[in-house]
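Just so you know, the protein sequences line up as chains A and B, in that order.
The first sequence begins at 1 in this note's numbering and counts up one residue at a time.
The second sequence begins at 1001 in this note's numbering and counts up one residue at a time.
Working notes for the structure below.
There are 2 protein chains.
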Amino acid sequence: MAKTFGHIPGFPVGSLFPRRTELRLAGLHAPNMHGISGNPREGADSIVVSGGYVDDEDHGSWILYTGHGGRDNDTKRQVANQEITDSGNAGLVKSQLEGLPVRVIRGAGGDPRYSPESGFRYDGLFRVESHGSKIGVDGFRIWQFRMVQIDEDDSSPDADVVTLAPTAPAGGTPSRKPVQTQRIVRNTAVAQWVKELHKHTCQVCGDALEVDSGFYSEGAHIQALGKPYNGPDVVGNVLCLCPNDHVRFDNGALYLTDDLKVINALNGQVRGQLRVHAKHKIDLAYVQHHRARWGQ
Amino acid sequence: MAKTFGHIPGFPVGSLFPRRTELRLAGLHAPNMHGISGNPREGADSIVVSGGYVDDEDHGSWILYTGHGGRDNDTKRQVANQEITDSGNAGLVKSQLEGLPVRVIRGAGGDPRYSPESGFRYDGLFRVESHGSKIGVDGFRIWQFRMVQIDEDDSSPDADVVTLAPTAPAGGTPSRKPVQTQRIVRNTAVAQWVKELHKHTCQVCGDALEVDSGFYSEGAHIQALGKPYNGPDVVGNVLCLCPNDHVRFDNGALYLTDDLKVINALNGQVRGQLRVHAKHKIDLAYVQHHRARWGQ
């Protein structure tokens, strides 16, 4: 059966369920065991956050969610590396790339500040903002997903297009268009300085994307801004990239060596030398952080 | 003097000014005559909306703003075509491409629903969401910019990164990071169907952008969604594009002929034939609408 993304009619945010069986019967979360309901073809439509992974972090409106695999079911500790190509993990990447909403269900085993006292609670829709890997507390590679709550009460002028429409809210008609945010590109004064210096020429492919009146490029933070990466917004941490290479760089499809060779992570081959400018010194600490995030 | 983007300390939203001289002295809008304060190198930092162009539309939280040029100063009617390369118009394109905030000042001559009774009023920060051209009511080509009010009270989880920080609010310290939205990519179920059909292969360049676990592409609406274009979200109005060609297509740097040749609008040359799929019929009415928007 095809997955259903978004809210499930009849089960509003806050609905409580004694066991996973009831979650499954409600259509909120299909798997009986796995925390992730997802696959690489369709994406992931729901996750259960119930304290199953020691590296999980729950901050209420956002969650650092550990992927699937490598865990000993008895001790709940990591005993092997996780793989991003694991079905559930790849499903969450698909949901990130497409901007698909993920139902989040919290269980009693999770962070006591945000979890129900017993059983499971449906806590609404989140989007997958980013993903990356690190060596977890048990010494094995884990993949983590930054899940950010979708604000469905957003009253900004563009609320009808930048937030997700419930597919069919219980007892009502949808008030928004079924459009979700797939990608948000941000600019900072520091990034703009770097882009102007490079005249909007991509430091990876050498193309400058020209439109009817001007040029377009994007500032890529090497060590990502925001949690959990907390990279700084400084010139040494920014690259001027075209949108295509920015998507690749931010999703681990390319990385840099310490001598600033560009490597295609999918086949390990050198794509070329990063284009540099004398006034733009790239700090290798950020380059190393980026490689570590992608397990290189 | 370099332009200042964002709020001007000491002049909060709602500030009133008797004449343009006082606007200029306050630093809100530098030019004495022009409606647009901007140039292609820095972008546009402010506009005055005061009913100077018959094709302007004011909807409160968004404005369809007519660019500069081609107007008879006595009759205020268009007597010639406008050019997107005109300094102020190109400045607004630059602000769109970089996500720079534009101060909007409304004058007494504008739409009576939203304009001050006399003089000028500072109405806060807007972003340039899109631009395009059409033949205006006077029979000449005009360029128009969709300006959307930035919601600075947005309380969504990502408010600190998706909305703009005031550079230095009067009487306080900035509470947000100085980061602005440069580009928002949206997905719909219809677009996703088209992308899956094409296996995320760009219909213009033939590349499929692969990341660590999956592929990324974007659904481009040929006749744009949303006002003022109002294109429908239907399969015949969607292309599967890579991000680079999507930016080009949405900003008039490429267009399609009725036999689906891809034309580079910057030099008029044929880039190739659009890649098509038997199950994906493109409706030429939308292709023609897109060409008209870009004056082709």
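Every residue, glycine too, gets a C-beta built ideally from N, C-alpha and C.
On a predicted model such as this, the values are computed, not experimentally measured, just so you know.
Legend entry - Touch test, the segment 230–245 of chain A against the segment 1239–1252 of chain B, Cβ-Cβ under 8 Å, three pairs minimum: yes
Legend entry - Residue nearest to Met1147/B in terms of C-alpha spacing, selected from Lys1195/B, Gln1203/B, Val1185/B, Asn1089/B: Asn1089/B
Legend entry - Chain-ordered neighbours of Val1213/B on chain A, where CB pairs are closer than 8 Å: Going by the sequence as given, residue 1213/B is Ser instead of Val. Listed along chain A, the residues sitting closer than 8 Å to Ser1213/B by beta-carbon distance are Pro40, Ile84, Thr85, Asn89, Ala90, Val93, Lys94.
Legend entry - Where Glu1218/B falls: helix, strand or coil (DSSP): Glu1218/B: strand per DSSP, three-state reduction.
Legend entry - the segment 122–134 of chain A in contact with the segment 86–106 of chain A per 3-pair CB rule at 8 Å: yes
Inset, instruction - Return the residue from the list Gly69/A, Glu98/A, Gly124/A that minimises the CA-CA distance to Val179/A. - result: Glu98/A
Inset, instruction - Sort out for me which residues DSSP pairs Gln1223/B with in a bridge. - result: Residue pairing by DSSP leaves Gln1223/B without any beta bridge partner.
Legend entry - Same chain, Cβ closer than 8 Å to Gly1051/B, five either side skipped, listed in chain order: Gly1107, Gly1109, Gly1110, Asp1111, Ser1115
Inset, instruction - Select from the segment 180–196 of chain A all residues with a C-beta closer than 7 Å to any C-beta belonging to chain B, and list them in chain order. - result: Taking 7 Å as the Cβ-Cβ cut-off against chain B, the residues of the segment 180–196 of chain A that qualify are Gln180, Thr181, Gln182, Arg183, Ile184, Val185, Arg186, Asn187, Thr188, Ala189, Gln192.
Inset, instruction - Determine the chain B residues that contact Val247/A at a beta-carbon separation under 8 Å, and present them in chain order. - result: Residues of chain B passing the Cβ test: Leu1209, Val1211, Tyr1216, Pro1243.
Inset, instruction - Name, going along the chain, the residues of the segment 107–118 of chain A whose beta-carbon falls closer than 7 Å to a beta-carbon of chain B. - result: none
Legend entry - Alpha carbon of Val1287/B to alpha carbon of Gln1273/B, nearest angstrom: 14 Å
Inset, instruction - Can you say whether Asp259/A is buried or exposed, counting buried as having 16 or more other CB atoms within 10 angstroms of its CB? - result: Exposed: under 16 other Cβ atoms inside 10 Å.
Inset, instruction - Please list the partners that Glu98/A has in chain B, where partner means a Cβ-to-Cβ separation under 7 Å. - result: Asn1187, Gln1192
Inset, instruction - Could you name the residues of the same chain whose beta carbon sits closer than 6 Å to that of Gly27/A, not counting the 5 residues immediately before and after it, in chain order? - result: Ile8
Inset, instruction - Check whether the Cβ atoms of Phe1120/B and Leu1023/B lie closer than 8 Å to each other. - result: yes
Inset, instruction - Throw me the rounded Cβ distance for the Ile1142/B and Pro1101/B pair, which I believe falls under 8 Å. - result: Actually they are not in contact, since the Cβ atoms of Ile1142/B and Pro1101/B sit about 24 Å apart, beyond 8 Å.
Legend entry - Reduced DSSP secondary structure (H/G/I, E/B, other) of Arg1077/B: coil
Legend entry - Cα-Cα separation between Val49/A and Ala1002/B, rounded to whole angstroms: Straight through space, the alpha carbons of Ala1002/B and Val49/A are spaced by roughly 50 Å.
Inset, instruction - Work out the CA separation of Ser1118/B and Ser217/A for me, nearest whole Å. - result: 42 Å
Legend entry - Cβ neighbour criterion (16 or more within 10 Å) applied to Thr1201/B: buried
Inset, instruction - Measuring only between beta-carbons, confirm whether Leu125/A sits less than 8 Å from chain B. - result: False, the Cβ-Cβ gap to chain B never drops below 8 Å.
Legend entry - DSSP three-state assignment for Tyr1286/B, whether helix, strand or coil: Here Tyr1286/B sits in helix by DSSP.
Legend entry - Val1104/B to Lys1279/B span [Cα, whole Å]: 46 Å
Legend entry - Cross-chain neighbours of Asn1251/B in chain A, by beta carbon under 8 Å: Within 8 Å Cβ-Cβ: Val211, Asp212, Tyr216.
Inset, instruction - Would you check if the distance between the CB atom of Asn1187/B and the CB atom of Phe1140/B is smaller than 8 Å? - result: no
Legend entry - Own chain partners of Gly193/A with C-beta closer than 7 Å, once the 5 adjacent residues on each side are dropped: According to the sequence provided, residue 193/A is Trp. The question's Gly does not apply to it. The residues are Val235.
Legend entry - Counterpart residues of Ser133/A in DSSP-defined beta bridges: Trp143/A
Inset, instruction - Please list, in chain order, all residues of the same chain as His198/A whose beta carbon is under 8 Å from its beta carbon, the five residues on each side excluded. - result: Ser217, Cys240, Arg275, His277, His280
Inset, instruction - Apply the 10 Å Cβ neighbour rule to Asp304/A and answer buried if 16 or more other Cβ atoms are within range, or exposed otherwise. - result: Because residue 304/A is not part of the residues shown, which for chain A are 1 to 296, the question remains open.
Inset, instruction - Tell me whether Ala278/A sits in a helix, a strand or coil according to DSSP, three-state version. - result: coil
Legend entry - Residues, ordered as in the chain, of the segment 1262–1293 of chain B that lie near chain A by beta-carbon distance below 9 Å: Ala1265, Leu1266
Inset, instruction - In angstroms with no decimal places, state the Cα-to-Cα distance between Leu64/A and Ser46/A. - result: Looking at the two C-alpha atoms, the distance is approximately 15 Å.
Legend entry - Complete runs of the alpha helix (DSSP H) confined to the segment 1182–1214 of chain B [at least 4 residues]: If we require 4 residues or more, the alpha helix (DSSP H) runs fully inside the segment 1182–1214 of chain B come out as 1189–1197.
Legend entry - Ala265/A classed as buried or exposed, judged by whether at least 16 other C-beta atoms fall within 10 angstroms: buried
Legend entry - Test item: CB-CB of Ala998/B and Ile1036/B under 8 Å: With chain B covering only 1001 through 1296, there is no way to say anything about residue 998/B.
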